[in-house]
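As given, the protein sequences belong to chains A, B, C and D, one line each in that order.
Read in the numbering used here, the first sequence has 183 at position 183, and its numbers run on one by one without any break.
Read in the numbering used here, the second sequence has 11 at position 11, and its numbers run on one by one without any break.
Read in the numbering used here, the third sequence has 198 at position 198, and its numbers run on one by one without any break.
Read in the numbering used here, the fourth sequence has 167 at position 167, and its numbers run on one by one without any break.
The beta carbon of each residue, even a glycine, is placed where N, CA and C say it ideally should be.
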Amino acid sequence: MCMRLENPLLNVQDLHAHYGKSHILRGVEFHVGKGEVVSLLGRNGSGRSTTLKAVMGLVPPTSGHIKLDGCDLTGARPYTVCRAGIAYVPEEREVFTNLTVDENLRMGEQPAHDGESKWTFDQMFEYFPRLKERRNTRAGNLSGGEQQMLTICRSLLGNPKLLLIDEPTEGLAPKVVTVVGEVIQDIHQRGVSIVLVEQKLAIALKVSTHVCVMGHGQIVFEGKPDELGNNQELLKEWLAV
Amino acid sequence: MKYVRYLIAIAIILLGVLPAVLSQSLVNAATQMLIAVLFACAFNLLCGQGGMLSFGHAAYFGVGAFATIHAMGDGSVAGLLPTPMLPLAGACAGILVGIGAGWFSTKRSGVYFSMITLALAELLHSLAPHLKGMFGGEAGISGMRSPAWGLSFGTSTQIYYLTLVWVLASLAVLFLFTRTPVGRLTLALRENTHRLRFLGYEVHRLRVLVFVISAMFAGIAGSLQVINNESANYVVFDSHLSTVVVLNSYIGGVNVFLGPALGAAIMTFFGYAVSDLTRSWLLYQGILFVFVMMFLPSGLSGLRQLWLGVRRSLSVSVLVPIVAFSCVAGLMLIGGVIFSVEILQRIFSQDYQSLLVTAGSAAWPSVSLFGCDWPPGSLLTWIVPLVLVIGGSILVKVVKKKFHTLNEATATPDTEIPLPCAAEDLPDINKLHHVERDSA
Amino acid sequence: MNAPVLSLRNVHKSFDKAHIIRGVDLDLLPGERHAVIGPNGAGKSTLFHLISGQFAPSKGEILFDGHPIQGQTPQKINHLGLARSFQITNIFPRLTVFENLRIAVMQREGLQYTLWKIINRVRPVQEKTESLLERVRLEARRDTPAGELSYSEQRSLEIGMTLASDPKVILLDEPMAGMSKEETHYTISLIRELTKGCSLMIVEHDMDVVFSISDRISVLVYGEVIATGTPDVIRNDCRVREAYLGEEVCACA
Amino acid sequence: MEYYVVSLLNGTIYGLLLFMVSAGLTLIFGMMGVLNFAHASFYMVGAYLAYTLQKLLGFWPALVLSTLLVGVIGALVERYFLRRVHKFGHAHELLLTFGISFIIAELIKLIYGNFPVDYRIPKSLDFSAFTIFGASYPAYRLLMGSIALAMFALIYLLLTRTRVGIVVRSAIYKPKMAEALGHNVPMVFMGVFSAGAALAGLAGAVAGAFYTTNPNMALELGIMVFVVVVVGGLGSLEGAMLASLLIGLITSYSVGIDRSLADLCALFGARAWAEGVGGLMTLKISSLAATIPFAFMLIILLVRPSGLLGEKE
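Written out as structure tokens, the structure reads:
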């Protein structure tokens with residue numbers, strides 16, 4: 001695997017993780033540079049979500065290293081990881097259904113690392129006017145798409161350097177899928193690096209600057225989106241397309 | 001496993017000849033121990049094997065006791081059953097009450113189950129004093145053993161043998177139970193009820209069945225208690241008994257069939273032996289229990305497993321100093337705790353407090369303990385336990401570290417300690433296993 | 001055509017507001033191996049939960065051998081001859097492998113409430129368990145606590161438990177999830193071998209597995225079956241490609 | 001009429017007191033999945049501490065100080081005991097707190113003796129608030145009620161209006177996600193555990209003076225709190241409130257009913273038969289007051305196994 005960068009923002013080395021007896025991650029290695037969008041692709045059970053969880057500290061790694069901006073985060077508790085500048089948008093969305101939209105957003109607030117806050121409530125509402133209309137509704141009453149937007153906004157309010165997004169388009173109507181894709185691109189343009197786990201290949205190829213394909217708990221391919229898009233064999237073997 | 005059989009045979013013979021060599025009061029204590037052993041094993045069928053932690057098992061012990069006192073007769077009225085058969089009354093009562101209580105409590109699992117068993121026991125406890133006819137009110141009911149089968153049942157030796165026969169028979173049945181289909185399913189209940197349902201089993205019915213069997217043997221234990229005491233009082237429903245059986249079983253270790261028996265025997269014996277020496281026995285029991293829960297989750301019987309595991313990787317010559325140091329550390333800690341508790345107990349005792357009042361403003365009088373006088377005002381008095389506890393803790397740390405490095409050197413994987421009654425943790429484990437799963 | 005052994009008729013399931021299954025029609029023919037595929041969140045696991053009795057459908061009919069079974073308890077459905085495995089390994093972790101299988105076998109032998117037999121002496125149970133142990137190739141692990149098995153061994157065990165009751169229909173929920181390549185190959189051959197003679201419905205993401213194992217495939221998207229057919233038909237169905245790729249690959253209605 | 005009004009007042013106040021103890025228990029259970037058996041022990045420790053301290057400091061300072069001290073004890077228990085056995089599972093945690101409750105009870109017996117202590121309402125508070133139907137109503141009862149209400153209001157405001165409250169409420173259902181958003185959830189756990197303990201301690205300090213302060217008070221109340229939690233639904237604060245009030249009222253009303261099942265049978269002309277049966281049939285409801293909450297719990301279990309406001313299983 002070639003070294004793309006001298007000083008990557010996120011550097012994951014030889015990461016292993018287990019759920020009980022099952023060995024889920026078997027030496028995952030990849031890195032994310034400043035301003036990159038890296039997609040993790042692969043079939044279900046190949047370890048993409050687990051990789052994100054391990055980076056976030058939600059799954060304890062059994063060995064390996066996770067570094068953000070040179071600072072070691074291996075085995076750190078999730079709140080430390082978050083405060084170091086990584087935000088996480090989980091697959092299950094995990095909005096706090098018993099809290100209002102407003103309260104959900106407040107849960108995400110964290111001071112920015114360079115002192116000035118890049119993301120504000122107003123900006124969020126500008127982004128998703130729908131959320132402003134519903135700011136006092138319980139998050140449990142939102143539709144799937146609205147919940148997804150809420151989750152993304154919530155994580156942005158933590159002013160992250162790096163955003164981990166797990167399957168943002170899952171279970172959403174096709175129109176909303178397009179919107180989510182645009183939002184991801186927009187976030188990227190505002191200078192946040194992103195690691196994206198996505199099932200829909202088209203979107204992944206469109207928004208990412210780099211792609212990694214995972215299979216059986218390892219990275220089996222790393223490269224540019226078009227390299228992957230043109231490689232029918234890879235697509236067939238690892239993505240079942 | 002042959003040698004286990006020999007051990008059991010030897011134990012039975014020893015138990016058989018015991019009354020010949022022991023004093024009257026020790027025979028009584030042995031009878032108490034046997035009853036506690038049976039009760040603990042009955043409890044463990046439900047808890048250790050079935051994964052249902054009951055905090056109200058005294059209820060079934062109690063109904064067994066009262067059924068027996070009613071069946072016993074009191075000298076003027078003839079009993080319903082001959083004395084040696086009285087435990088049958090306890091067994092029946094246990095079954096009947098067990099069916100009702102079991103049906104309710106097993107509707108829920110996990111902590112709910114524990115709370116319901118506790119509340120059911122408390123229900124009986126609060127109801128009993130009002131039902132004079134059945135439970136005899138505050139005074140309780142007394143009876144009298146009648147001679148039967150050519151035996152008088154007047155001496156504690158005869159009662160001992162009666163108890164011994166019943167306890168051994170019950171333990172044998174309980175052991176055989178573990179080998180029956182239902183016995184195997186009991187373990188599966190503890191492990192994973194969800195899966196059991198999808199294998200086609202009626203989980204609720206199975207749980208009730210296990211509950212009833214456990215209640216039945218608890219009833220027999222209660223019965224034996226009554227045969228021994230010739231009286232029963234509603235106090236038997238008190239939560240104390242339920243608590244003690246939980247403590248004893250876990251101290252002994254619930255993962256091994258005879259673990260709870262071990263715990264119950266040791267604890268009952270100590271309770272008897274030190275009851276003249278200290279008034280704080282229950283406190284020690286509680287401290288020991290918490291200690292076991294924190295550092296030895298599989299109980300005293302787990303020590304054997306631990307030893308075997310360690311022996312596999314380390315040689316005896318390495319182990320001897322470690323064990324020796326551990327013992328010293330343990331003794332220091334125990335000494336420190338006992339010293340503190342005892343001296344506090346004496347200072348807070350009524351005698352001492354009234355002494356203080358009469359002494360007025362003068363310095364606090366000394367307390368005598370372990371043959372010495374300890375002035376509470378003196379620093380020295382408090383340095384002793386402090387040194388013991390701190391020294392012991394440091395030693396424990398040293399031994400632990402040494403042990404750890406040795407273990408690492410031989411590179412054996414960490415043996416995971418099995419969870420006691422962890423059946424209800426399953427949903428959580430499942431949650432953790434959301435490995436890229438379908439949502440919905 | 002044979003009468004289907006299991007058939008779903010306009011099955012719906014909603015959780016609160018979320019309409020997960022939106023009118024599924026599906027037939028499982030006797031002896032066929034039928035895969036259900038579809039993107040994440042399509043409701044495949046929910047479908048299995050509905051069939052096996054974990055949830056009751058909000059609407060619609062599920063017929064097993066022509067009899068409605070929707071809304072019945074899992075144990076009842078199991079008695080009828082439908083067994084399932086779970087996506088999340090679902091075994092008795094502190095019991096031995098043999099014991100796990102024996103518990104599954106006992107049910108069929110009607111020993112559910114038996115207190116008067118020593119299980120080791122019940123010949124049919126012992127023999128069936130032994131043969132099952134052999135079929136799932138776990139003889140060497142007979143006395144190991146199931147929790148200490150490797151992941152793929154646990155999955156084998158789980159499939160073995162599913163088979164213990166001689167079911168007519170077996171549902172396997174992602175049996176290969178989280179397996180290495182070798183383990184996957186091994187498990188495919190195991191499933192092929194074990195499910196001879198019964199109907200199999202399988203949810204799986206690994207397309208190699210799906211295409212190599214199944215006689216027919218159904219594609220589930222947003223709670224609806226958009227296509228059912230032989231592997232070749234499915235491979236060339238543009239709606240299926242669209243669902244997987246997330247964009248319009250070809251113009252179709 | 002008099003009976004109804006007074007029972008309503010007494011029942012509500014007892015219910016509020018139950019709520020003060022069960023609120024902490026329910027919150028902790030929701031967040032950590034730990035059913036803290038020692039929770040009611042904190043109630044007892046609060047009473048004994050207040051009893052000791054009021055001799056030295058006076059009633060009010062003792063109330064405050066004992067509440068704080070119990071909070072500290074709670075924090076220590078969470079940090080140095082519970083957290084260490086977390087890896088062994090919930091059953092283990094339950095057993096550990098069970099052992100701790102046992103130790104606390106024995107320590108209390110060791111220090112204060114195995115009998116009630118003379119903890120009384122201070123003279124300055126021992127007056128009647130008003131007369132109702134010719135009988136005077138103790139002001140202290142009202143004080144207990146208002147402290148409980150104030151506590152309830154405070155918790156409510158804290159939970160709904162502050163950021164800490166939001167974090168606590170979110171962590172009840174999704175602790176991992178809350179932590180992934182940068183909140184130190186283990187710290188929050190300890191805080192809630194400690195606050196719950198302090199609340200129970202305050203309840204003990206207040207109620208101990210009115211009812212009795214003895215080494216069994218933890219168990220007696222503890223079991224009632226468990227009943228509250230089963231009836232209300234574990235983890236639900238609203239459920240705990242509802243169930244507390246219900247049980248408070250049921251207990252207080254049943255004390256005054258001098259009827260028995262035989263009277264009920266009389267409606268069907270079966271009084272003679274019922275009296276012949278005796279036992280439970282002729283027992284007056286008033287003497288069953290302590291039992292009725294349990295019966296109530298069993299009924300709830302029959303019709304709604306998950307509790308009044310609990311989530312459906």
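Would a C-beta distance cut-off of 8 Å place residue i and residue j closer than the cut-off?
i, j, result
"B:ALA36", "B:SER249", "no"
"C:PRO167", "B:ARG197", "no"
"B:GLY263", "B:GLY253", "yes"
Go ahead and pull the three-state DSSP assignment for residue i.
i, result
"B:ASN229", "helix"
"C:GLN70", "coil"
"C:TYR113", "coil"
"B:VAL290", "helix"
"C:ALA251", "With a pLDDT of only 42 at C:ALA251, under 50, the local geometry of the prediction cannot be trusted, and the value read off the model is given with reservation. Residue state, collapsed to three classes: coil."
"C:THR162", "helix"
"A:ASN231", "coil"
"B:PRO420", "Bear in mind that the predicted position of B:PRO420 carries a pLDDT of just 34, short of 50, making it unreliable; the figure below should be weighed with that in mind. B:PRO420: coil per DSSP, three-state reduction."
"B:VAL435", "Only weak support exists for where B:VAL435 lies, its pLDDT of 30 falling under 50; the coordinates are left without a value."
"A:GLN110", "coil"
"D:ARG259", "coil"
Please return the same chain residues whose Cβ sits closer than 6 Å to the Cβ of residue i, not counting the five positions on each side in sequence.
i, result
"D:LEU16", "GLY145 and ALA148"
"D:TYR119", "TYR51, GLY208, ALA209 and THR213"
Please confirm if residue i has its CB atom under 8 Å from at least one CB of chain D.
i, result
"A:VAL12", "no"
"B:HIS130", "yes"
"A:CYS82", "yes"
"B:PHE289", "yes"
"B:PRO260", "no"
"B:PRO297", "yes"
"B:GLU122", "yes"
"B:VAL246", "yes"
Would you say residue i faces chain A, with C-beta separation under 8 Å as the test?
i, result
"C:HIS19", "no"
"D:ILE155", "no"
"C:GLU139", "no"
I'd like the list of long-range same chain contacts for residue i, defined as Cβ closer than 7 Å, with 5 residues on each side in sequence excluded.
i, result
"B:THR528", "Summary: the structure shown does not reach residue 528 of chain B, with chain B confined to residues 1 through 440, and so no result is reported for it."
"B:PRO147", "PHE153"
Report whether the distance from the Cβ of residue i to the nearest heavy atom of the ligand GTP is below 7 Å.
i, result
"C:MET106", "Ligands in the displayed structure: none, and consequently the ligand GTP is not present."
Flag residue i as yes if its beta-carbon sits less than 8 Å from any beta-carbon of chain B, otherwise no.
i, result
"C:ARG102", "yes"
"C:PRO4", "no"
Does any C-beta atom of chain C lie closer than 8 Å to the C-beta of residue i?
i, result
"B:ASN44", "no"
"B:PRO181", "yes"
"A:HIS16", "no"
Residues in the same chain with beta-carbon distance under 8 Å from residue i, minus the five sequence neighbours each way, listed in chain order, please.
i, result
"A:MET107", "PHE96, LEU99 and ARG154"
Given a limit of 7 Å on CB to CB distance, which residues of the stretch 265–287 of chain B reach chain D? SER280, LEU282, LEU283, GLY286 and ILE287
For the stretch 139–158 of chain A, list every residue whose C-beta sits within 8 Å of some C-beta in chain D, in sequence order. ARG154, SER155 and GLY158
Could you run through the stretch 85–114 of chain B and flag, in chain order, every residue whose CB is less than 8 Å away from some CB of chain D? PHE104, LYS107, ARG108, GLY110, VAL111, TYR112 and SER114
In the stretch 29–59 of chain A, which residues sit with their C-beta less than 7 Å from some C-beta in chain C, listed in chain order? ARG43, ASN44 and GLY45
Looking at chain D, which residues of the stretch 117–131 of chain A have a Cβ within less than 7 Å of any of its Cβ atoms? none
Can you pull out the residues from the stretch 182–212 of chain B whose beta carbon lies closer than 9 Å to at least one beta carbon of chain C? VAL182, GLY183, ARG184, LEU185, LEU187, ALA188, ARG190, GLU191, ASN192, HIS194, ARG195, LEU196, ARG197, PHE198, LEU199, GLY200, TYR201, GLU202, VAL203, ARG205, LEU206 and LEU209
For the stretch 177–206 of chain A, which residues have a CB atom closer than 7 Å to at least one CB atom of chain C, in sequence order? VAL177, GLN199, LYS200, LEU201, ALA202 and ILE203
Name the residues in the stretch 99–110 of chain A whose C-beta lies less than 9 Å from a C-beta of chain D; which are they? LEU99, GLU103, ASN104, ARG106, MET107, GLY108, GLU109 and GLN110
Against chain B, which members of the stretch 245–256 of chain D pass a CB distance test of less than 8 Å? none
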